[in-house]
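> First the structure, which I've put down as structure tokens, then a few questions once you've had a look.
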Amino acid sequence: MSFELVCTECGAHHDASRYRIGCDTCGGLLNVEYDAPASVDGRTVAGATGFARYLPMLPVQDVANLVTMGEGDTPLISLPGAGVAIGVKHLYGKLEMCNPTGSFKDRGNAVQVSVLKETGVTRAADIAGGNAGHSFAAYCARAGIKFVGFSYRGGYTLDGPDNRKVQAIVQTGAEMHWVEGDRQACQEAMSRFCEDTGTLNMVYGRNAYFIEGNKTMAYEIASQMDPLPDHIIVPVGNGSTFQGLWLGFKEMLEDGRVQRMPRLHGVQSEAFQPLVHAFNRGDRKASTGAADTVAIGIKIAEPPRLQALVNASRDSGGQPVAVTDTAIIAWQRRLSELEGIFVEPTSATVLAAAETLKQRGVIDEADRVLVSLTGSGFKEPIPESAGM
Ligand SMILES: [Zn+2]
């Protein structure tokens, strides 16, 4: 299907033959817009498997350019023990940790890197050191694209070569640069490098193609759960999975494939809760004053698409919620104890949030609740504060 990139600020249309991060006219964020919505009948490619079957709804023109490692099709299972502990009868988990590099990021990167390949990009740089960087490096390796990662001291809980996600990135043959200073210094160093070498600066979190890949989670949920969940709870850092879910359900509502949108609840940590603040008070204050969080995957003070996250929360009837590190660490352990599932602290936020939303009366005992278990526990040590 043909598509264009449309600016969310000035409305300018740009052709998609060249890889674009922002608007040429005003620098604004871009969204993908298709020339016509896929019909219900043409929604999937008959006989295809994995992401190839979703091509009619994705911004990839030629299936030959699809860079895939079998991402998606993750299990959706019942969590009865955790449900009893929280006080809900129907609790389910979508095991996004079962994606090839151990996190949901593979959905976004399968599409993002396919578009890089389709538009002829051979070198790409981004800030890296977490699940997103690991996943991007892996898909670049598979596509034969050179990846250059930038990181800075203080950017991640475990800095430097002992960080397992960094080790996995280096194993792909990626080039890692360590920058002295803060995130701003790191971005400036990366910008200079990209200008000097002709490397594409990915500016993670601004990218429209990544969100398109995350739509596939909504399509899968619609095929795996009947009736649909009443609530879906996901961690929100930049919010790409949250936006992908909203976009996917919106597309299915428009073509009549589903009859309602689940309520989408974004979870943040007490230390970094820009969505909660923007939703509740309309301000952009990032922090309540807490120094740090164990949920390093959502340690984002200023998500570029914050307004879109507020809009998706309101549109779906969602209630953004912040949870404490104490609750996150407790639920990381309890999920292992009650269900045998080992997730990273960022993923455990969704269970702490389900508990909070039940206590507040947002979730009723009889509701169907789905939590996204976004990342495996294997890539991070247990937080020191858990007393291990
Ligand atoms: Zn613009």
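For the sequence shown, this note's numbering begins at 1217 and goes up steadily by one.
Glycine residues also receive a C-beta, built at the ideal position from the N, C-alpha and C atoms.
With respect to the alpha helix (DSSP H) encompassing Ala1568, which residues constitute its N-terminal and C-terminal limits?
Pro1561 to Gln1575
> Let me have the residue list for ligand 1: C-beta closer than 6 Å to any non-hydrogen atom, ordered along the chain.
Cys1223, Glu1225, Cys1226, Ala1228, Cys1239, Thr1241, Cys1242 and Gly1244
> If we call anything under 8 Å between Cβ atoms a contact, is Glu1334 one with Asn1281?
yes
> In terms of DSSP beta bridges, what is Pro1519 paired with?
Paired residue(s): none; Pro1519 is not in a bridge.
> From Thr1373 to Ile1512, what distance separates their C-alpha atoms?
Because Thr1373 sits at a pLDDT of 46, beneath the cut-off of 50, its placement in the model cannot be relied upon, and the point is left open.
> So, are the CB atoms of Pro1316 and Met1285 less than 8 Å apart?
yes
> Report the rounded CA-to-CA distance for Asp1554 versus Ser1456, giving the unit in angstroms.
Reading off the sequence, residue 1554 comes out as Leu, not Asp. Going from the Cα of Leu1554 to the Cα of Ser1456 covers about 29 Å.
> In this structure, how does DSSP classify Glu1249 when only helix, strand and coil are distinguished?
strand
> Can you name the start and end residues of the beta strand (DSSP E) that Ile1361 belongs to?
Run containing Ile1361: none; DSSP gives neither H nor E here.
> Helix, strand or coil: how does DSSP classify Ser1233 here?
coil
> Reducing DSSP to helix, strand and coil, say where Arg1497 ends up.
Secondary structure of Arg1497 (DSSP, three-state): helix.
> Can you list, in chain order, the residues of its chain whose CB lies under 7 Å from that of Gly1303, leaving out five sequence neighbours each side?
Lys1574 and Glu1581
> Need the endpoints of the beta strand (DSSP E) that Gly1309 sits in, please.
His1306 to Lys1310
> Taking a contact to mean a Cβ-Cβ separation below 8 Å, would you say Leu1311 touches Ile1293 in this structure?
yes
> Going by beta-carbon coordinates alone, are Gln1459 and Arg1521 separated by less than 8 Å?
A contact, by the Cβ cut-off of 8 Å.
> Among residues of its own chain, excluding the 5 on either side of Val1283, which ones have a beta-carbon nearer than 7 Å to its beta-carbon?
Only Ala1326, Val1329, Ser1330, Lys1333, Tyr1355, Arg1358 and Ala1359 meet the Cβ criterion.
> I believe Phe1366 touches Val1395 by the beta-carbon criterion, under 8 Å. Please report the beta-carbon distance rounded to the nearest angstrom.
For Phe1366 against Val1395, the beta-carbon gap comes to about 6 Å, under 8 Å, which counts as contact.
> At which residue ranges does the stretch 1374 to 1447 contain complete alpha helix (DSSP H) runs of 4 or more residues, listed in the order of the chain?
1380 to 1387, 1399 to 1413 and 1424 to 1440
> Would a C-beta distance cut-off of 8 Å place Thr1562 and Asp1541 closer than the cut-off?
no
> Count the other C-beta atoms from every protein chain shown that fall within 10 angstroms of the C-beta of Pro1291, then say buried if there are 16 or more, exposed otherwise.
exposed
> I need the boundaries of the beta strand (DSSP E) containing Leu1586, first residue and last residue.
Arg1584 to Ser1588
> Let's test the definition: count the other Cβ atoms within 10 Å of the Cβ of His1229 and tell me whether it reaches 16, buried, or not, exposed.
exposed
> Where do the ends of the alpha helix (DSSP H) carrying Leu1332 lie?
Lys1321 to Glu1334
> Just grab the DSSP bridge partners of Pro1451 for me.
BP columns for Pro1451 point to Val1483.
> Between Ala1434 and Met1392, what straight-line distance do the alpha-carbon atoms span, to the nearest angstrom?
34 Å
> Have a look at Gln1400 and Val1452 and give me their C-alpha separation to the nearest angstrom.
21 Å
> Give the C-beta separation of Ala1570 and Val1587 to the nearest angstrom, bearing in mind that I take them to be a contact with Cβ-Cβ under 8 Å.
6 Å
> Could you check what DSSP says for Phe1366 in three-state terms: helix, strand or coil?
strand
> Do Ile1544 and Arg1422 have their beta-carbon atoms positioned less than 8 Å apart in this structure?
no
> Starting from the C-beta of Phe1320, find all residues in its chain whose C-beta is less than 6 Å away, skip the five residues before and the five after it, and write them out in chain order.
Answer for Phe1320: Glu1312, Thr1457 and Thr1590, listed in chain order.
> Looking at the secondary structure, which residues open and close the alpha helix (DSSP H) in which Glu1581 lies?
Neither: Glu1581 is in no alpha helix (DSSP H) and is coded neither H nor E.
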